[in-house]
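J.: Numbering (the numbering used here), first residue to last: 180 to 345.
(1) Could you give the DSSP three-state label for residue 237: helix, strand or coil?
(2) Measuring only the C-alpha atoms, how far is residue 217 from residue 247?
(3) I'd like the span of the alpha helix (DSSP H) that includes residue 203, first residue to last.
(4) Report all residues from its chain with a CB closer than 7 Å to the CB of residue 295; omit the five preceding and five following residues, and keep chain order.
(5) Applying the 10 Å Cβ sphere with the 16-neighbour rule, what's the burial state of residue 250?
(6) Can you check which of these residues, 190, 188, 229 and 224, is closest to residue 310 by C-alpha distance?
(7) Could you check which residue in 254, 298 and 275 has the C-alpha nearest to that of residue 203?
(8) Count the other CB atoms within 10 Å of the CB of residue 288; is the residue buried (16 or more) or exposed (fewer)?
(9) Would residue 266 and residue 275 qualify as a contact pair, given that the criterion is a beta-carbon distance under 8 Å?
(10) Can you give the Cα-Cα distance for residue 181 and residue 335, rounded to whole angstroms?
(11) Can you tell me whether residue 190 is buried or exposed? The criterion is at least 16 other CB atoms within 10 Å of its CB, across all chains shown.
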């Protein structure tokens, strides 16, 4: 099912559903961190560690990304909850260049810039590499038993005749 999430995130980005793609991209490190965890639960420290190890982010960048994830998913804000400056995610437009993984400062105003399509691919590639390496681990297998799945025929005896995600 993790591969389905990655595929749908990529498709969302391709058809310009950038909020959807961004939200999934920000959530996937949490999901992977939880799958690799003994207790099967996500946490800020697991998220940041996963991003550092699997995406190559430094400690400060991983913390800023986690802060943005928290502020966007829980408050709808672009100001990371612990960050000093907002992060802006750029949608592609025609042949315009994409700014990615840098910040600009104008007077006292700083903004971090990330390209949505590039970020989506970075997360997708990191998740796929991580899952290829750890899918067979006992911990990941145990946690995958509880992972959400698509049930094409429904969820008998409760509901049938239409696909269900449960």
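Glycine is no exception: its CB is placed at the ideal position from the N, C-alpha and C atoms.
T.: By the coordinates alone:
(1) DSSP places residue 237 in coil when its eight states are reduced to three.
(2) 26 Å
(3) 197-214
(4) 192, 197, 200, 201, 268, 269 and 270.
(5) buried
(6) 229
(7) 298
(8) exposed
(9) no
(10) 23 Å
(11) exposed
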